[in-house]
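Q: Sequential numbering of the sequence shown, starting at 1, is according to full-length UniProt numbering.
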Amino acid sequence: MTERSTVIDANKDFYKILNVEKTATEAEIKVAYRKLAIKYHPDRNDGSPEAAERFKEISIAYAVLSDPNRRRQYDLFGPSNALVDFEGFDIGQMSGLRRLVGALCTQIGIPVPTQILPRVLGIAKDIVDNKHDPSVVQVESLAFGEVSSGRVERQDAKFYRISFGESEYNKGIIISCRSSSMSKFKLVLFDRDGNVRLIRESAKHKRFTSAEMFFLPFDLMRVTEFFSLKFLKEVESEDVPIQFHLLDGFEPDQCIKLQPGEHLFCVYGDNWFQDIKYKVRVMVADCDSPPVQVIRDTEAKLSQYKQEMIQFKDVYMLAKKQFEEAIGKLEHYTDEITNCLKNREKAYIDFINASGEKYSSLNLDSTSQKQHGNGAGGIFKGILNSFTGSISGK
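Here it is as structure tokens:
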């Protein structure tokens, strides 16, 4: 399957195509794919075009969802034709200049998707299968409430193991990681087979970056920092105000239920140049604390506002279009009226001038007489001045 032969329908939901939940594990996705692939394989459907198209959709969906990096990009951005081949940027393969550009983009708030190296994913599988070398790859066991300070190189990972029972499971669990040095990192949870179960990107706050995983008895919402493709298309084509996209990244959290027992997760270094310094802690959730009710109330309001804004966008865009048309009509009338007033004023002046043209000869006679009168007065005045001058001379 090549990029040229693969076209992804932006309206398709890969999870629905494979009949799995968004929280499905890699093993569950594989089982669903095998079952559907056997059912719709062209060889078992006498070359049916419908079956062939369905088989193609299933294959594309599996190609994306079975790969942790591609699945992460799909969850963030939705489907796109470049998704099958794009897994995020490999920082290690980028030149110093490109890493600098990536770091600058991150610094000014433009998120840049990066991938988790296969080497790290392979180490997770080896740890689960007890095939790793403890002297090379150390796995730290975390007790509840314990704060572990760590340092990890970029594109490397520090692994942790947690263990809990039924009591902690019923109350809920929180994994929290913070970096006061504003490092960029990923928090990655693995399933019992060593496959990626959940990824959380670090988010930038005022004094630190952080990533959290919540495993609670109730559902939560979350806000991703990545721009949706829909937003970018609408901004380019329809000039939709950004306010209508404030909640694009506001979506239901993946409500994964961690069963009692041991679980593996890691902190993955995602900086562009420097090592990552952080503190990680695992806690039993206090779901009866006052902030929980505030969280649930505000998230319920935001969910309602998101739906209302989706509906209001059409109303706004129609009103905006009508307003722009009204402004255009107003400008048209303004120009027309201004030109008419100028033409009217000029016409009145021309009218008066035209009406006075028949009296032009009278005006000339009057002017001639005035000139003659002025001449006689000038001669008499000259004689008088001469006479006055002669008397004064004597």
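C-beta atoms are modelled at their ideal positions from N, C-alpha and C, and glycine is treated no differently.
Being a predicted model, the structure only gives us computed values, none of them experimental.
1. Which two residues bound the contiguous alpha helix (DSSP H) that contains L121?
2. State whether the region 267-284 contacts the region 156-165, with contact taken as three or more CB pairs (one from each stretch) at a distance under 8 Å.
3. How about the region 178-188 and the region 284-295: do they share at least three Cβ pairs that are nearer than 8 Å?
4. Just checking, does the region 238-250 make contact with the region 302-321 on the three C-beta pairs under 8 Å criterion?
5. Which residues in the same chain have their Cβ closer than 8 Å to the Cβ of E262, if we skip the five residues on either side of it in sequence?
6. Rank T298, R178, L198 by C-alpha distance to the C-alpha of K206 and give the top, closest one.
7. Please determine, among G150, E345, G165, D253, the residue with the shortest C-alpha to C-alpha distance to I276.
8. Name, in chain order, the residues that DSSP records as bridge partners for K204.
9. Mind pulling the alpha helix (DSSP H) runs of 4 or more residues that sit fully within the region 22-55?
10. Report the CB separation of I58 from A27 in whole angstroms; it is logged as a contact under 8 Å.
11. Looking at K171 and V282, is the spacing between their C-beta atoms short of 9 Å?
12. Hey, could you find the ends of the alpha helix (DSSP H) R344 is sitting in?
13. Using a Cβ-Cβ distance under 9 Å, would D286 count as near chain B?
14. Measure the C-alpha to C-alpha separation of T334 and S202 and round it to an integer number of angstroms.
15. What is the DSSP secondary structure of K171, counted as helix, strand or coil?
16. Among the candidates C255, E331, F312, whose CA atom is the shortest distance from the CA of I174?
17. Could you give the first and the last residue of the continuous alpha helix (DSSP H) run that contains I276?
18. Would you report the Cα separation of F214 and H332, rounded to the nearest angstrom?
19. Leaving out five residues before and five after V147 in sequence, what residues of the same chain have Cβ atoms less than 7 Å from its Cβ?
20. Could you please give me the residues that DSSP links to E251 through a beta bridge?
21. Quick one: grab the DSSP three-state call for A63.
22. Taking the straight line between their C-alpha atoms, what separation do you get for R54 and V31?
23. Using the Cβ count rule (16 or more neighbours within 10 Å means buried), how would you classify L18?
A: In short, the structure shows the following:
1. 118-128
2. yes
3. no
4. yes
5. R161, I162, S163
6. R178
7. G150
8. T209
9. 26-40
10. Not a contact, Cβ separation roughly 17 Å.
11. no
12. 290-356
13. Chain labels in this structure do not include chain B; a single protein chain is all it has.
14. 55 Å
15. helix
16. C255
17. Segment 276-284 is the beta strand (DSSP E) holding I276; no alpha helix (DSSP H) there.
18. 59 Å
19. K279, R281
20. R222
21. helix
22. 17 Å
23. buried
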